[in-house]
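So the sequences go chain by chain: A and B.
Position one of the first sequence corresponds to residue 45 (this note's numbering), numbered consecutively onward.
Position one of the second sequence corresponds to residue 815 (this note's numbering), numbered consecutively onward.
Just below is one structure, and these are the notes that go with it.
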Amino acid sequence: MSNIKYILGSFGDPDDLMHGIEKLQENNVSIYDVYTPMPIHGIEAKLGIKRSRLDVLAFFCAITGTMSAFALIYLTSVVDWRNNIGGKPAFALPDFIPIMFELTILFCAFGLVGAYYASTHLFPGRSPRVMDLRATNDRFIIAVDAKQNAEHSKIDGLLKEAGAIEVKHNERKYISYE
Amino acid sequence: MGTHNYNFTEQFEFTGKAKTLSIVAIVIGLASIGYGFSDHGLHERTFANLLLMAYYFACVCMSGAFFLAVQFVAQAGWSASILRVPQAMAKVLPIAVVILIAIIGAGLYTHNLYHHWNAPGLTDPADPNYDKLIDGKSAFLNVPFFLARQVIFLGVYSFFALLLSKLSTNEDLEGGLTSYTKSFKYSCIFLVIYGFTTPIFAFDTVMSLEAHWFSTMFGWYNFAAMWVSSLATMAVIIILLRKAGYMQWVNNSHLHNLGQFIFGFSIFWTYVWFAQFMLIYYANMPEETVYFYKRFEFYKFWFYLNLVMNFLAPVLLLMDRDNKRHENILLGVSIIVLCGHWVDYYQMIMPGTVEEHNGFGIIEIGTAIGFVGLFTFTVLSALSKSPLIAKNHPLLEESLNHQL
């Protein structure tokens, strides 16, 4: 048994990459992931990637912000220390709204930046996970898990046939952990 | 790419039920306006309703031209295949302008509109009617200058609206990039003019009904209202055309974009509305709070209904991605927003004209139906004059393959 963990097909063109994905799928080769230097329309649908749950997270971060702001203003200016501002009642809702609005956005933005760093392993102090450095530059990479797909030479052939410029056999998952 | 197979010469045929219904609506409108003028006590209310709907009509059409200009300046590709709908709205703008100016002129002449600053003796210190505030504003608010502004602004908008439509027609005939580059150039000029003059147009047409009161947010508040109602109109027209079997190239990504526009600009409208309300509420100065005093005393229901229809409904119903892509939900929300902006204009105009003698009856509903019929009739006639797709638009391919 070889030590090969991942087979990477490196393409120079997004159309060839899409073609390669089709070829592998026709031959029942499961694709681990695809790395491209730019977004490609329709690739999520082709790979069967589930819809992002980012919007759900955004909603909950935002609603936390709204409620925090309301709690903050309510407890300070209604419960704890009532001030007479322009003769208005202490619980003057229109005055609360700008602050609630701002904290909604702040919490939402911070929450999503945090989620982005966590999901991409870009958090300060962590090594980024890169399988092929040129995927951030000029190459379109298809990664196939070598342990799950036994016929390595057939996969090589399929990738080459679809127009892969280079096929690599990596013994490590992430080359960036050096 | 390029697997689509659409008929680029497809043309809308304006016949049958749509035509009959729009003519019936116009007749209902004329009848209810006639009813309004039959009773002397109802003249002012009828005029206020005519102003409301003529303003609404003109604003929707001029925002159609604005939409075209925004798409050209942003070099947006997604909208290339739906541009004929805002173009039809832009083509109708001159008609809307003539109606609006006629109503304003008649209102000024009969003193049924703008009598707050246009009445004998207001600017004469010796007269018992003398009003110092109005006198101070009379250099700006006087009939010749007021009418001149209306004619110039609306004339310039109409000129650019027709110009952009004409360039698109030329593009259909000749092809090439000449029309597109020209459209880009004229759109840039138009956007600058439009951006600076619409607030003044709103100050004149609506805010001067209560000439003592002023708000610098009012122009943008109106701009947001007219822009979002125009987007909702476009969505309604496109969805109904699709249901009738036309424009099959419009996919749910196009609807998603329109839905995002309606969602975003409904929030923008609320933002501007609240910015105006908040400052007045917080500063609590009598000359400013008088505006909301009237609305709280006599129009409380409309005041809150306005927020429910224009903020809560679009926010809650369009927040979800799937809802924006769903034809019937988007259609429903667009209709709510359109009715909502009628309510918005209603509570902008009525307290300044008929004050507590407002109503909601034959005149209100009939005038609204009449103008909706007129809009449908004129816009659909304009739409049927040219193919439903600008076949030589340089970004058409991008629009046909649009995917979000």
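Each residue gets a CB set at the ideal place from its N, CA and C atoms; glycine is no exception.
query	result
Same chain only: Cβ atoms within 6 Å of B/F1112, ignoring 5 sequence neighbours per side	E1170
B/S877 beta carbon less than 9 Å from that of B/Q885	no
Short CB-CB distance (under 9 Å) between B/Y1096 and chain A	yes
Close beta carbons around B/P1128, own chain, < 7 Å, minus the five adjacent residues each side	I1076, F1077, S1080, V1147, V1151
Cα-Cα separation, B/N1137 to B/V1050	15 Å
C-alpha gap between A/F140 and B/D1018, whole angstroms	33 Å
Residues near B/F1004 by beta carbon distance below 6 Å, same chain, minus five either side	A883, F974
Cβ neighbours of A/D60 in the same chain (closer than 7 Å, five flanking residues each side left out)	A206, G207
Beta-carbon spacing of B/F861, B/A920 below 9 Å	yes
Cutoff 9 Å: B/Q1217 Cβ touching any chain A Cβ	yes
Chain B within 9 Å of A/I93, Cβ atoms only	no
Proximity of A/P138 and B/F1088 at Cβ, strictly below 9 Å	yes
Contacting residues, own chain, Cβ-Cβ under 8 Å from B/L1210 (five flanking each side not counted)	A894, S895, I1203, A1204
Any chain A beta carbon closer than 9 Å to B/N819	no
Between the CA atoms of B/H1070 and A/I209 - distance to the nearest angstrom	38 Å
B/Y1060 (DSSP reduced to helix, strand or coil)	coil
Inter-residue Cα distance where the pair is B/S852 and B/G950	37 Å
Coarse secondary structure for B/Q825, derived from DSSP in three states	strand
Status (buried if at least 16 other CB within 10 Å, exposed otherwise) for B/Q1161	buried
C-alpha gap between B/M815 and B/N1215, whole angstroms	Any reading at B/M815 must be qualified, since the residue scores a pLDDT of 45, below 50, and its modelled position is unreliable; no value is offered.
Cβ neighbour criterion (16 or more within 10 Å) applied to B/Y923	exposed
Same chain only: Cβ atoms within 6 Å of B/A868, ignoring 5 sequence neighbours per side	I913, L914, I917
For B/M1031 and A/P172, the rounded distance between their alpha carbons	48 Å
Under 9 Å from the C-beta of A/I141: neighbouring residues of chain B	F1088, M1092
The region 75 to 92 of chain A: positions lying closer than 7 Å to chain B by Cβ	H85, G86
CB contact below 9 Å: A/D99 versus chain B	yes
Spatial neighbours of B/Q889 in its chain, beta-carbon cut-off 7 Å, leaving aside the 5 residues before and after	none
Residues near B/K905 in its chain [Cβ-Cβ closer than 6 Å; skip 5 each side]	S979, A1196
Residue nearest to B/Y870 in terms of C-alpha spacing, selected from B/T995, B/L1144, B/Y1159	B/Y1159
Neighbour-count burial assignment, B/Y928, 16 or more Cβ in a 10 Å radius	buried
Where A/G130 meets chain B, residues with beta-carbon distance less than 9 Å	Y1096, A1097, N1098
Three-state class that DSSP yields for B/I1053 in the structure shown	helix
Helix, strand or coil at A/G53 [DSSP, three-state]	strand
B/C873 beta carbon less than 9 Å from that of B/A1039	yes
Meets three-Cβ-pair contact criterion under 8 Å: the region 70 to 79 of chain A and the region 110 to 119 of chain A	no
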